[in-house]
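Visitor: Quick one: this structure, given as structure tokens, is what I'll be asking you about.
Okay, structure coming up:
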């Protein structure tokens, strides 16, 4: 189930993405093109980081946006922001490409199917353009110790589980769990403090 | 530490997709029990994880990708439009025409029923007039016949004196071919449910009185009765009598004659 979350709950103002999605529901090709122009760069960057190969990344990005075009009618336009959902979709598709049909892939596919419709916006979240948002996230991540950052990147960009990360880094499982959780909590606190 | 607190330690890793299968299944089972706090925390953690995408080095897809994608989308859009059954939109003027036709049909039906009622009423009136005309013609024919009987020199006048001196005298004119006409003025009404009845008394010895029509005066006391075909010819009739009989008349006189006039 793919449900887009487009507008912050605490704001009655309709975001540009929400308006474009409404037009997309009417099979508006121009609206689709505008959505692509607004978000293809961050989607492509994320996918390329995961698949590590330009042509494969473009193939995945094409799949992601075609999925958006074909399943627009199934999106719930009443809830949440669009970009986090789109990035989650792009990440899942990219990880699917780099995996073989293994237990890990089945797990990922299962989780994709069960992806909740909402990526809710925290109270402290404020609207930022993608460039400023990227700068903020990178700045906060640079404050984490390298082990935390490495463990989180292995999980996010390579889709590894706790156990796989522990094996990769040759670290105890409990240590990896703690590093990932503490790193994400620090990132969260940093985002909260920054706003 | 409560069970919920234990699961809360897994929330970020779950959103990241880093939980091993056993932990993931256990956590999902816990959320499925309806733990709203954990469910909300998962949503927030998903947003947090989505921010990690900005860690990817900036990169720009080729224009060729956009070209391929837009061609695919436009093709699908055209295909979808082509596969969509043409909208059977009916222009306003056609709806207006249909509405006008419907109104015309309703008016025509109403008008047809009205015309049918008018025609039926006209037919009834025509029938009544025709009947009235027939009656008038019959009355006219009788009146003409009465007039001829009264004026024709071949008619014979017969006086019908009353038995009761308080009753008026009647008279009759009998034409051998046109019939018998009995007339009187100021004749009182017979008793309730009784009528007057004409009788011919034949000359033949032993013959019984021959019953004829019943009669009664109008509101002004005028009484006229034409008998076109008498049961006996005038030459074989001795007298004309009138009795009072029950309504509908009698075959034999049930009372003494109130008027009787001999034919000489």
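Chains as they are written, first to last, in my numbering: chain A, 8 to 202; chain B, 7 to 270.
Here a beta-carbon is modelled for each residue, glycine too, at the ideal position from N, C-alpha and C.
Grab me the residues of residue 148(B)'s own chain with a C-beta within less than 6 Å of its C-beta, minus the 5 sequence neighbours each way, in chain order.
Guide: 232, listed in sequence order.
Visitor: Quick one: which chain A residues come within Cβ less than 7 Å of residue 64(B)?
Guide: The contacting residues are 52.
Visitor: When you measure from the CB of residue 191(B) to every non-hydrogen atom of the ligand ZN, does any distance come out below 7 Å?
Guide: Although the ligand ZN was asked about, the structure shown includes no ligands whatsoever.
Visitor: Taking 8 Å as the threshold, find out whether the region 69-85 of chain B comes into contact with the region 176-186 of chain A through three or more Cβ pairs.
Guide: With the cut-off at 8 Å, the region 69-85 of chain B and the region 176-186 of chain A do not touch.
Visitor: Using C-beta distances below 8 Å, list every residue in its chain close to residue 264(B), excluding the 5 sequence neighbours before and after it, in chain order.
Guide: Closer than 8 Å at Cβ, skipping near neighbours: 168, 169, 170, 173, 202, 248, 249, 250.
Visitor: From residue 101(B) to residue 112(B), what does the alpha carbon distance come to, in whole angstroms?
Guide: Taking the straight line joining both Cα atoms gives about 16 Å.
Visitor: Near residue 39(A), which residues of its chain fall below 6 Å by C-beta distance, leaving aside the five closest residues on each side in sequence?
Guide: Excluding sequence neighbours, residue 39(A) sits near 31, 76.
Visitor: So, do the region 46-54 of chain A and the region 48-68 of chain B have three or more beta carbon pairs nearer to each other than 8 Å?
Guide: As far as the Cβ criterion goes, the region 46-54 of chain A touches the region 48-68 of chain B, which means the pair count is three or higher.
Visitor: Say whether chain B places a C-beta atom closer than 8 Å to the C-beta of residue 166(A).
Guide: At least one chain B Cβ lies under 8 Å of residue 166(A).
Visitor: Rounding to the nearest angstrom, what Cα-Cα distance links residue 181(B) and residue 139(B) in this structure?
Guide: Their backbone Cα atoms lie some 27 Å apart in a straight line.
Visitor: Examine chain A for any beta-carbon lying closer than 8 Å to the beta-carbon of residue 124(B), and answer yes or no.
Guide: No - not a single Cβ of chain A is within 8 Å of the one on residue 124(B).
Visitor: From this set, 25(B), 208(B), 35(B), 198(B), which residue's C-alpha is nearest residue 238(B)'s C-alpha?
Guide: If we check each option's Cα against that of residue 238(B), 208(B) comes out closest.
Visitor: Between residue 47(B) and the rest of its own chain, which residues show a CB-CB distance below 8 Å, the 5 nearest in sequence each way excluded?
Guide: Around residue 47(B): 14, 17.
Visitor: Whole angstroms is fine: what's the gap from residue 118(B)'s alpha carbon to residue 99(B)'s?
Guide: Taking the straight line joining both Cα atoms gives about 28 Å.
Visitor: At 4 residues or longer, what runs of the alpha helix (DSSP H) sit wholly inside the region 8-63 of chain B?
Guide: Entirely contained in the region 8-63 of chain B, the alpha helix (DSSP H) runs reaching 4 residues are, in chain order, 9-14, 17-22, 27-38, 42-56.
Visitor: Let me know if residue 229(B) comes out buried or exposed under the rule of 16 or more other beta-carbons within 10 Å of its beta-carbon.
Guide: It counts as buried.
Visitor: Below 8 Å, how does it come out for the region 150-160 of chain A and the region 68-75 of chain B: are there three or more Cβ pairs, yes or no?
Guide: Judged by Cβ distances under 8 Å, the region 150-160 of chain A makes no contact with the region 68-75 of chain B, as fewer than three pairs qualify.
Visitor: Distance, Cα to Cα, residue 244(B) vs residue 126(B)?
Guide: Spanning the two alpha carbons is a distance of roughly 55 Å.
Visitor: Count the other C-beta atoms from every protein chain shown that fall within 10 angstroms of the C-beta of residue 214(B), then say buried if there are 16 or more, exposed otherwise.
Guide: Exposed is the call here.
Visitor: Can you list the residues of chain B that residue 30(A) reaches, using a CB-CB cut of under 9 Å?
Guide: Those do not exist, as residue 30(A) stays about 13 Å from chain B at its closest Cβ, beyond 9 Å.
Visitor: Can a CB atom of chain B be found closer than 8 Å to the CB of residue 169(A)?
Guide: Yes, residue 169(A) counts as interfacial toward chain B.
Visitor: Using a beta-carbon distance below 8 Å, is residue 118(A) in contact with chain B?
Guide: Any reading at residue 118(A) needs caution, since the residue's pLDDT is 49, under 50, leaving its predicted position unreliable; the model's value is listed next. For residue 118(A), the answer is yes, since a Cβ of chain B falls inside 8 Å of its Cβ.
Visitor: Chain C beta carbons: is any one of them nearer than 8 Å to that of residue 69(B)?
Guide: You won't find chain C in this structure, because its protein chains are A and B.
Visitor: Could you pull out every residue in the same chain whose Cβ sits closer than 8 Å to the Cβ of residue 117(A), ignoring the five residues on either side in sequence?
Guide: Its pLDDT being 49, under 50, residue 117(A) is placed unreliably by the model, and the measurement read from it follows with that caveat. Answer for residue 117(A): no residue qualifies.
Visitor: With DSSP as the reference, identify every bridge partner of residue 265(B), one or two as the case may be.
Guide: DSSP output for residue 265(B) lists 168(B), 248(B) as bridge partner(s).
Visitor: How would you list, in chain order, the residues of chain A whose beta-carbon sits under 7 Å from the beta-carbon of residue 276(B)?
Guide: Outside the shown range of chain B (7 to 270) lies residue 276(B), about which nothing can therefore be said.
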